[in-house]
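Just so you know, the sequence shown maps onto residues 1 to 619 in my numbering. Glycine is no exception: its CB is placed at the ideal position from the N, C-alpha and C atoms. Below is one structure, written out as structure tokens, with a few remarks after it.
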Amino acid sequence: MKKIYSLSLSLIIGGFALAQTAQTTKAFTKDKMAKPTKIIYQEKSDPIWSDDFSDPTTWNIEHDASACDLDWEIGTNLSCGGSYPITTIASTSYDNGCAMIDSDEYGGEEGGADIEDSWITMASPVDLSGYANVILQFESWYRSYNSEKCFIVTSTNGIDWPELTPGFDASTNPNVYDAFPGISGTSGEELPTNPTLWRTNISTSAGNQSQVWVRFHWTGTWGYAWFIDDVAILEQPQNDIVLNSGYSSNSSGIEYGRTPSKQLPDTLYMGGVVNNFGIDNQNNVTTDIIISDASGNTVVSTSASQAMLENDSTVVLEAIVTDFNFDEGLYSLSVEASSDLDNTSGGEYSNNSYSRNFEITNNIYSIDGIGVYDSPTVSSLGSNSFTDDPNGMVLMAMYTIEETTQITGLEVGITSTSMEDGLVFPFIIGYDAWAADDPYDRIVENYDGVMVTQYNIDNNVLWAPLEPTTLEPGIYFACVELYSDDINHVRILDDETVAQPNGASTIFLPSDVDQTIYTNGTGFAIRMGADGYVDLEEQSKFNNFDVLPNPSNGIFTVSLEDEDSYTIEVSNLLGEIIMFKSIEGIMNETFDISSFSAGAYLVKVSNQKFEQTQRIIIE
């Protein structure tokens with residue numbers, strides 16, 4: 001039986017599906033900031049064969065000319081060129097070349113009708129005589145759009161290649177492997193990380209064969225893209241269990257980077273996903289889970305086990321913990337998997353462990369762990385992610401409220417590429433509104449919004465206050481609505497370090513004809529400030545800075561009670577200063593811009609310590 005498993009280059013946390021499985025459309029592609037990630041899996045011997053795509057002549061590039069004109073590309077500096085690109089692979093040897101097929105570029109902005117049928121094949125076979133159990137390993141990055149499929153095909157004569165279509169059942173041919181089961185052909189799914197180290201057991205078709213060719217085959221219509229690099233054929237280890245992921249979460253499956261002590265659940269679900277990738281069955285397979293504090297003291301210690309795990313099989317080993325006590329501070333989760341024949345005394349143990357940090361706080365709640373995790377993987381999404389939605393895009397992060405609490409605002413992580421004077425409107429909705437795809441059914445919102453300043457950009461954070469609001473136990477969504485006028489764009493940080501369940505981070509686009517909330521993002525940095533939380537930025541603002549009336553007929557007054565030396569700038573949304581004043585003492589200055597066009601203008605007040613901007617509407 002053929003079974004295929006993945007081992008992420010950065011170990012991934014297992015999550016549990018939520019009640020709503022959000023849809024995905026082609027426009028909803030994540031804009032990742034690719035960065036190299038450490039390979040957790042370490043080889044114990046030289047590969048039987050390997051190729052890093054530094055020499056394109058080691059592969060034959062072909063397509064079915066009766067079906068399409070799309071070819072794979074092999075070379076350096078490859079990246080997607082279509083309307084909806086995915087990020088370039090961040091593979092180990094990307095600089096000396098990789099392979100890519102760009103279906104999105106081939107389909108154009110509106111897609112095409114061709115059933116694309118394209119492949120690359122090893123130009124010369126490899127001799128696997130004497131190797132009964134062999135693994136194909138490669139680094140990859142791929143995201144699925146619709147029904148397109150990625151296949152791996154082997155041949156022992158170089159001529160008996162099957163005809164493949166998106167609907168082909170790989171189980172009907174021993175030479176054909178579904179490259180990414182459950183991902184390829186499933187809308188919106190993607191590999192766990194960029195890159196992912198993927199391994200496929202090809203023993204049934206290639207083991208002990210004197211000549212073997214390997215082919216990577218793409219077929220489908222207007223997908224995204226598929227990147228491959230650093231391909232190798234390895235001898236399968238005799239005894240090798242792999243910890244595919246480790247986790248500690250509440251019942252929703254979400255793993256929060258920061259949790260207020262008041263919001264800790266009564267029960268923790270802790271464990272790991274263990275795969276037996278070796279030849280032999282493994283006895284006494286165990287996951288040991290430890291949570292320790294910043295001083296290294298063990299706070300929680302538990303385990304889960306199974307008597308036997310067959311080869312080519314995967315099991316979730318989970319422990320339920322109800323007896324725990326966390327003080328405020330930083331903690332470390334450690335998960336290790338072992339068996340009688342694969343443990344600390346063996347040679348295959350380097351892929352058996354996982355760890356991550358989390359923080360217990362007084363009053364800040366975050367699904368992201370930026371600033372908590374040692375080496376976070378961070379991307380972003382914002383007002384310039386989708387052409388039709390520079391204004392009104394909504395991003396949402398899910399939170400479970402365990403005990404009644406008062407929310408005072410949202411702390412929002414933004415990128416350094418965000419621009420001054422972009423507007424962020426914070427609000428909170430409940431689960432029923434989210435499930436009904438209605439982000440406008442709001443419990444509380446800040447109608448004035450918060451304008452991005454250089455302070456926010458420099459510190460990658462923005463404090464968005466809300467009217468203090470009491471939330472009863474339940475599920476809620478911390479949300480921001482972005483306005484840029486397609487000029488002053490704002491991008492929200494997305495923490496991809498820990499895989500989260502569908503629905504943990506979602507978006508809403510006002511241009512979407514279906515008016516649907518979609519899963520996109522992993523861990524948006526939209527944090528709840530609870531029970532009197534005051535952000536550092538809030539502490540650094542002027543007291544009683546007002547621009548009134550607002551809206552205005554063009555005549556308005558800028559006032560500030562603190563006595564100091566100030567400058568006041570009034571500018572349009574293009575950043576052009578239309579009025580300027582210097583003030584000494586208490587501020588109470590009247591401006592008349594009624595001769596200018598109606599619309600939105602910016603009033604910026606600054607002294608030697610701070611600057612603060614408010615928007616005014618001229619009618």
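- Ranked by Cα distance from Y84, the options A90, D102, S305, S91 are led by D102.
- Between I526 and I492, the C-beta gap is smaller than 8 Å, which places the two residues in contact.
- A Cβ-Cβ contact shorter than 8 Å links T415 with S380.
- Rounded to the nearest angstrom, the gap between the Cα atoms of S124 and A225 is 26 Å.
- Under the criterion of beta carbons closer than 8 Å, E328 and I360 qualify as touching, at roughly 5 Å.
- The beta carbon of D340 lies closer than 8 Å to those of Q282, N283, N284 in the same chain, with the five residues before and after it left out.
- A contact between stretches requires three or more CB pairs, one per stretch, nearer than 8 Å, and the region 550-565 meets this requirement with the region 584-598.
- Inclusion of P162 and E148 in the CB contact set at 8 Å is not warranted, their separation being larger than that value.
- Just measuring C-alpha positions, the residue of D342, G81, Y331 sitting nearest N311 is D342.
- Under the DSSP assignment, T470 falls in the beta strand (DSSP E) whose first and last residues are 461-471.
- Just measuring C-alpha positions, the residue of T469, N96, Y365, A179 sitting nearest P56 is N96.
- Judged by pairs of C-beta atoms under 8 Å, the region 185-196 touches the region 131-150, as three or more such pairs exist.
- Straight across, the Cα-Cα distance linking H63 with Y106 is about 13 Å.
- Shown here, Q608 sits in coil according to DSSP, grouped into three states, outside any helix or strand.
- Going by C-alpha positions, S484 is about 7 Å away from V490.
- Here D546 has S559 as same chain residues with Cβ atoms under 6 Å from its own Cβ, once five neighbours each way along the sequence are excluded.
- With respect to the 8 Å criterion, I555 and W434 are not classified as neighbours on the basis of their beta carbons.
- Comparing alpha-carbon positions, the option among I320, T154, H217, S303 lying closest to I61 turns out to be H217.
- C-alpha of F425 to C-alpha of F358: approximately 28 Å in a straight line.
- By the CB criterion at 8 Å, N208 and S129 fall inside the cutoff.
- Under the three-state reduction of DSSP, D51 is assigned to strand.
- Annotated three-state conformation of N588 is strand, per DSSP.
- When secondary structure is reduced to three states using DSSP, E619 falls in the coil class, being assigned neither helix nor strand.
- The beta carbon of N550 is closer than 6 Å to those of I616 in its chain, skipping five residues each way along the sequence.
- Cβ-Cβ distances below 7 Å link T298 to I290, S292 in the same chain, with the five nearest sequence neighbours on each side left out; the list follows chain order.
- In this structure, P195 lies near S91, with their beta-carbon atoms less than 8 Å apart.
- Each of Q454, T470, L395 was checked against the Cα of Y440, and the nearest Cα belongs to L395.
- Each residue's CA atom was taken as its position, placing I443 and G430 some 7 Å apart.
- Excluding sequence positions up to five before and after D389, its CB lies within less than 8 Å of the CB of S383, L509, P510, S511, all in the same chain and listed in chain order.
- The shortest C-alpha to C-alpha distance from T417 to any of T453, T405, I407 is the one to T453.
- A distance below 8 Å separates the beta carbons of I370 and G413.
- In the displayed model, G112 falls within coil according to three-state DSSP, outside both helix and strand.
- Selection C479, D368, I407 evaluated against Y256 yields D368 as nearest (Cα-Cα).
- Taking a 10 Å sphere around the C-beta of K609, we find fewer than 16 other C-beta atoms and assign the residue as exposed.
- Here A67 carries a coil assignment [DSSP, helix/strand/coil].
- Contact between V214 and T154 holds, with the beta-carbon distance rounding to 6 Å and staying under 8 Å.
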